[in-house]
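Data block below; observations after.
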Amino acid sequence: MSFWFLVVSRWQSILESTWEHILIVAVAVCVAVVLGVGLGVMITYWRSLAGPVLYFCQVVMTIPSLAMLGLLLPVFGIGYKTGVATLILYSLLPIVRNTYAGIEGIEPAIIEAAKGMGMREITILRRIKLPLAWPVILAGIRTAVVMIVGIAAIASYIGAGGLGEFIFRGISQWNLQLVLVGAVCVSILAVLADGLLKRVEGRTRR
Amino acid sequence: MRRLISKYGIIWLISLLFLLPLLSGCSGGQAQRAPGAIDKWVFATDHEFSVRPDGLPELLKLYGFEFDEVRIMDLGVTYGALRDGQVAAAMGFATDGRIAAFDLVNLEDDKNFFPVYNPAPVVRKEILDRYPELEEILGRIGPLLDTETMINLNAQVDVENKDPKEVARQWLLEQGLIKEEAPAPTKGKIVVGSKEFTEQLILGAITIQVLADAGFEAVDSTGLAGSEVVRKALTSGEIDVYWEYTGTAWLVHLGHDEPLTDSEECYNRVKEEDLARYNLVWLTYAPFDNTYTIMMRKADAEALGIKTISDLARVINEGRK
Amino acid sequence: MFVTCGGAAAVYFVENPGSAMAARVLTYNHLAVLTAQHVGMVVISSLLAATTALPLGILISRPRLRLLGTILENIVNIGQTIPSIAVIALSFTVLGLGFNTALFALWLYSLLPILRNTYAGIMSVPPGVREAAVGMGMRPWRILFKVELPLAFPIIMAGIRTAVVVNVGTATLATFIGAGGFGHLIVTGIMVRRLQLLLSGCILSALLAMLCDHLLGMVEEKVKASI
Amino acid sequence: MIKLEGVTKIFPRQKVPAVKNLSMEVAEGEICVLVGPSGCGKTTTMKMINRLIEPTEGKIYVNGRDVAEVDPIKLRQNIGYVIQEIGLFPHMTIAENIATVPREKGWPEDKIQERVDVLLELVGLDPEVYRNRKPADLSGGQRQRVGVARALAADPPILLMDEPFGAVDPITRAHLQNEFLSLQKKMKKTIMFVTHDIDEAIKMGDKIAVMRAGELVQYDTPDRILSAPADDFVVALVGHNRALKRLNLVKAGDVARKDVPVAKGTCSLEEAKKLLQADNLPVIVIVDGLNRPRGVAYKEELLRRNGQAHLQEIMTPLESVADEDATLYDALSTMLNYGERYVVVMNHNKEFQGIITFGYLLELMKENGS
C-alpha cells in the first residue's frame, strides 16, 4: 500500500491525531510561557537564584525524554497529563534562559531613564523590560515549540495521544508508511509552528 | 593544531573501518538459512513479557528450558523478527494476523501455562432486560469465531490493510448472519464500543452490523483507548456493549491475582462475579483465545518436529548435550 | 563524579530492587551489558557522525559549493524537526531490527547538528579575517586549518555537544527495536510499573549524558588551549 | 613598481563596470593613494593587483611581470597587505599573526622569531609586552600597528593598504600616519594606498589618483591636485579650503629660515641688538651650548632694555615650536594656538633648525601658488 493511499484512507484519524498533537503542544507551551517568563523575570530580581535555576533547566535537558515520561508517570498517571507535564519541563529551559538573557540584555541607560522619570518597578517591568525583551523571549518560545513538537511524538508511548501513535504503531506493525505518516506530519507541524512564530517575531521586531 | 589534524586522520580511518562492514551488514536484512538449521536459540519478546510473573521466567521454569539469548523489543516487532530469521522463536498474541501472513505457527501450550483470554460480548443488565433478544442475536457470533478465523480476519486488516468494517461485513455475509441490505432501524439505540486494536475494531464492526441487521439503531463508538477506558465507559453507561476478554476481566477489572488457564472455568467465574458486582452480563464466549503464544517459523517447526512448547524445550535441551 | 554517582545509583538499585520483577532485570551482569550497549551506541554513532559531518560541513562551506551549502542547510533544518523516535522507526522499517540499525539512526540524527554547526561556524568567520588570510597569500588548506577551523571551533564543538547529549537520549529509544541500552530499563519500568527499574534507567542515562557533556567540555578546553 | 594597462572589471550579473579602462603606473618607492567616494572602484582596483579579484580585461604588471602569469599564492606572499584592524586573526597571538607569511614561506623558526621582534620594535610596540597577547587585548591603534608589522613581515617590496587607519580615532590616526611616513622614508616601499579621506590622501601620497565611478579622474601629485584640480568633481572632493590644505604638503624643516640670529644666553644685550638689526624678525632665539633652543627674547623687549644685562634675563621660555617633520599647516596652527607670529623649528635631536614667521609663510604660499 502506498503512502498516499494510507493518507487518503486514514485522513480522519490522521487529522484527529494531528489535532491531539497540536493540543498537547499548545497547552504545554501556554503553561510553559507563563511559568518560564515568570521564572525568568524572577531570577532577574533574585540574582542569586539565577545560577541554580538555569542549572536546573540545563540538567532537565540532559534527561532523555523517554526517562522523563517514565519519571512523571507515577505522578500524573497514564495519558495526556504526563505528556503535557514532560513537555512543559522541556520547554522551560529555552524560555527561562531567553527571558533572563532578554531582560539582562536591555541597555541599562533605558531602565535608568525609566527610573529617573519616576516609574514604579512594576510599570518598568510591564512597559519597558518585557516589551524590549519580547523578541528574545519569543525566539526562546520558538526553540521550545520546535523541540517539544518532536518530544510529543515520544509522549504517545505513555498514552498521551498525538501523531507519535502512528510512529509507534508503525514500529509494531513493521510498517514504513505508518511511520512516514507520523514523521512527516510531526515535521510539517514543527516547520509550520516555526514559521508562524517567526512571522510573529518579525512583526514584534518592527 | 597540527597534532589535531593527524589525530583527526586516525579517527577518520578507524571510522571508515567501522562504516564499511556496517553498511554491508545493513543491506543484507533477511538471513538465509535452511529450515530447522538453528545454531543459536534466540527468543524475541517485548519488555513486559520478559519480566512478568506470568511471563517468560515462569514459563521457562515450568517447561524446564533456557534460551541462548533473549532479545527485547517493541511488542509487535517480534513477528517480523521471527519472519526474517533474526530470532528462532518469539512471543506474540495468539490471534494476530501476522501469524498466518508470515508463515508462523503457534506452539501448543500443552502444560496450560498461559491464562485464557476468550472474548465475549459484555452488556449492561438493564439493556438486556429491555431487549432480551440481544442474548440470542449476539450469542450467535461467538461460537463461529475460532482462532483460525480470527487470525484470518486480523490478517486481512493488518497485512492486507483492508478496512475493519469491510472485513467484518464480508465475513458476516459469508456466515449468513446478515442480509445484504440492513433494514431501517425500528428498535432502540444501542452504543457499541471497543478497544483500539485491530481485533477489537473487527469485533466492534461485527457487533454493529449484526445489531443493525436486527433493526437496532447501532451507534459506532469503537476504538476507545485501552481496556480501563472502555470498561469505565460501559459501567458509566456511555456505551452499552463491547467485547471483553475473560482473562483481562478476571485479572484487571475484578482484581484477582491468580490467572486462570481453563476457558470454561474462567468464563463462568467471570460471568458470575461481574453480574453480582457490576450488573454486567457476559454473553456466549468465542472459542478463540487471544492469549500470549510462543511462535516459530512454520518451516523450522516442521523440520524439527516441534508442535508444543514441550517439544521446543526438548529440542533445545537435547541440542545442549 | 558522574561515574561515582552512576555506580552508587546502580549498586543501590541492584541491592534494593524493591520487587521480584525488578530484581530479575537489575543484576550487575545485566546492567553491565546494558551500559555497554548504550555507551557503544552513543560513542560509535557520535564518532561516525563527527567524522562524516565535519568534512561534509567543511565541504559545503567552500565558496564554490555555496549553493549546495544553502540547500543542504535547509534540508538539515527540516531534518531536525523530524522527531528522534521517527528516525529510529524509519531506519527500523527499512533496515530491520538490531544494534546496527540503531547505530545508523543515531548516526543520522547526530549528523544534523554537527553538520549545521560546522557550516555555521565556518560561515561566521569574519570576512575581513578570511580576506586578510587570502590577501597575504596563505594556501587554502592552511587558511582552513589555521584560520577557519580554529575560529569556528567553539561553534562546531557546541554542535557536537548538543548532538551527543541528544544522542544519549535518543539511544534510550533503541530498545524498541531490540538494540538494548538503558531504554530497556525505562520501558520495562513503565510497562510493569516498577519505579526502581524506571529510576535506574533514568538516572543512568541522564548521568551518561552529563558525563559526555562534561568530557567534551574538557576536550574543548584542551584543544582551545592548544590552538 | 606597479603598472595597470586598460584594466576593466565587470562583476557578474552587473552591467556597469566597477573599474573602467584604468591605466596608471606607480613608480618604485612611491606611495600612490587611490581616493574617491565609496563605490568608486578604488578597493576593486587594489584587490586586482594581488589577484583577490581577477580583472575582466587589461593587464597588471608588478615589477615588470604580468600578475596573471604568477601563482597567486606566490604573488600575494610578496605583496604586503594591510586592511582595517578587523583583519587580524583573533585566535592567534600578535607574534603568530606577524609570523603568518614567513611561516607560509617556510622560514626557519628562529629567524621568524627574530623578525617578529624586529618588526614589533619597528612599529613601536615592546616585543616583551606584546608578543604573546591576543589582538582583543590591544587598542585600535596598537592593532593597526600590528597590521602594518604583519604586512611587512616577509619584507615585501610592495604594500597594498586598504583604509588601514580607517577604524581609529582622529588623534591616533594622525599619529599612525606620521609614524608610517617616517617608516616609509627608511623602507622606500612601493605602496598602493586606498582611502576615502582626501586629507589623508594629501598627507600620505606622493601621487594621488582620484577615482569616480570606476574611472580615473586625475592622477597627479598632491600639490597639483590642490592647485590645479582637473574638474569640478575634484574641486568638490578636495573642498573649498584647498589653499589651506596645501600647507600640508610642505614640511616645516624644508622651508624654515636658517639665516636667523641665534645667540647664547650669556650674550649681552648690546650684542644681541646688533644681531637683530640685520633682520626684521620679531624674536631672537636663545640656544644652549648644544645648539638646542632654550627660549626667545622679544624684539620690543630687547630694544626697550639698556645696560649690561644678559639675554638670559629677558628670555621667555619656548612655546611655539614645531618638529622638522611637521607640515606648514601644523606650524600655522601652533602659531595661532600660542598667539605668536613665529614658530621655532627643531630636528629630532631638539637642535635648532630654523624659524618660520607668519609673513614668511604668506610669501611662501604666494610663490608656490603661482
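Residue numbers (the working numbering), protein chains in the order written: chain A, 1 to 206; chain B, 1001 to 1321; chain C, 2001 to 2227; chain D, 3001 to 3370.
Built from N, CA and C at the ideal position, the CB exists for glycine as well.
- Contact holds between the segment 1218-1225 of chain B and the segment 1182-1196 of chain B, because three or more Cβ pairs, one in each stretch, are under 8 angstroms apart.
- In this structure I1202(B) is in contact with N1154(B), their Cβ atoms being roughly 7 angstroms apart against a cut-off of 8 angstroms.
- The C-beta of F2176(C) comes closer than 8 angstroms to at least one C-beta of chain B.
- Under the Cβ distance rule, G2189(C) counts among the residues neighbouring chain A, one pair being separated by less than 8 angstroms.
- Ranked by how close their Cα comes to the Cα of F1288(B), the residues D1146(B), N1106(B), A1094(B), L1059(B) have D1146(B) in first place.
- DSSP places A1037(B) in the coil class of the three-state scheme, outside both helix and strand.
- Counting only runs of at least 3 residues, the segment 1084-1120 of chain B fully encloses the following beta strand (DSSP E) elements, listed from N- to C-terminal order: 1089-1093, 1104-1107.
- Rounded to the nearest whole angstrom, the CA to CA distance from I1099(B) to I171(A) is 17 angstroms.
- Residue environment: E1199(B) is assigned as buried (16 or more neighbouring CB atoms within 10 Å of its CB, all protein chains considered).
- A Cβ of chain D is located within less than 8 angstroms of the beta carbon of V2147(C).
- By the neighbour-count definition (other C-beta atoms within 10 Å, threshold 16), E2148(C) is a buried residue.
- Excluding sequence positions up to five before and after E3319(D), its CB lies within less than 6 angstroms of the CB of Y3338, all in the same chain and listed in chain order.
- D1158(B) is positioned such that its CB atom lies closer than 8 angstroms to that of G1097(B).
- Where F2153(C) is concerned, the enclosing alpha helix (DSSP H) starts and stops at 2149-2171.
- For F1093(B), the number of other beta carbons within 10 angstroms of its own is at least 16, and it is reported as buried.
- The beta carbons of V1241(B) and T1186(B) sit no closer together than 8 angstroms.
- L178(A) and L6(A) have their alpha carbons spaced roughly 8 angstroms apart.
- Residue pairing by DSSP places I3031(D) opposite I3191(D) in a beta bridge.
- Nearest CB-CB separation between N98(A) and chain C: not below the 8 angstroms threshold.
- Per DSSP, reduced to three states, the secondary structure at Y55(A) is helical.
- Per DSSP, the unbroken alpha helix (DSSP H) holding P3072(D) starts and ends at 3072-3077.
- The beta carbon of L1075(B) falls within 8 angstroms of a beta carbon belonging to chain A, placing the residue at that interface.
- Cα atoms of A3252(D) and M3346(D): separation of roughly 9 angstroms, rounded to the nearest angstrom.
- Counting along the chain, L3022(D) sits inside no alpha helix (DSSP H); it lies in the beta strand (DSSP E) bounded by residues 3019-3026.
- Spatial neighbours of Y100(A) in its own chain (CB-CB distance under 8 angstroms, excluding positions within 5 residues in sequence) are listed in chain order as G40, I43, T44, A50, L54.
- Counting C-beta pairs with one atom in each stretch, the segment 3026-3034 of chain D and the segment 3071-3080 of chain D have fewer than three that are closer than 8 angstroms, which means they do not touch.
- Excluding residues up to 5 positions away in sequence, P1185, K1187, G1188, K1189, I1190 lie with their Cβ nearer than 8 angstroms to the Cβ of E1217(B) in the same chain.
- Interface annotation for the segment 154-175 of chain A against chain C: I154, Y157, I158, G164, I167, F168, G170, I171, W174, N175, criterion Cβ-Cβ distance under 8 angstroms.
- In chain order, S3320, A3322, V3343 place their CB closer than 6 angstroms to the CB of T3334(D), counting only its own chain and leaving out the 5 sequence neighbours on each side.
- With a threshold of 8 angstroms between beta carbons, G1055(B) makes no contact with chain A.
- Annotated three-state conformation of E1244(B) is strand, per DSSP.
- Look at the segment 1137-1158 of chain B: the residues with a C-beta under 7 angstroms from a C-beta of chain A are D1158.
- A buried status is given to R3145(D), since no fewer than 16 other beta-carbon atoms sit within 10 Å of its beta-carbon.
- For G2128(C), the nearest beta carbon of chain B is not closer than 8 angstroms to its own beta carbon.
- Bridge partners of M3346(D) according to DSSP: D3323(D), F3352(D).
- Judged by their CB atoms, L1138(B) and L1283(B) are nearer to each other than the 8 angstroms cut-off.
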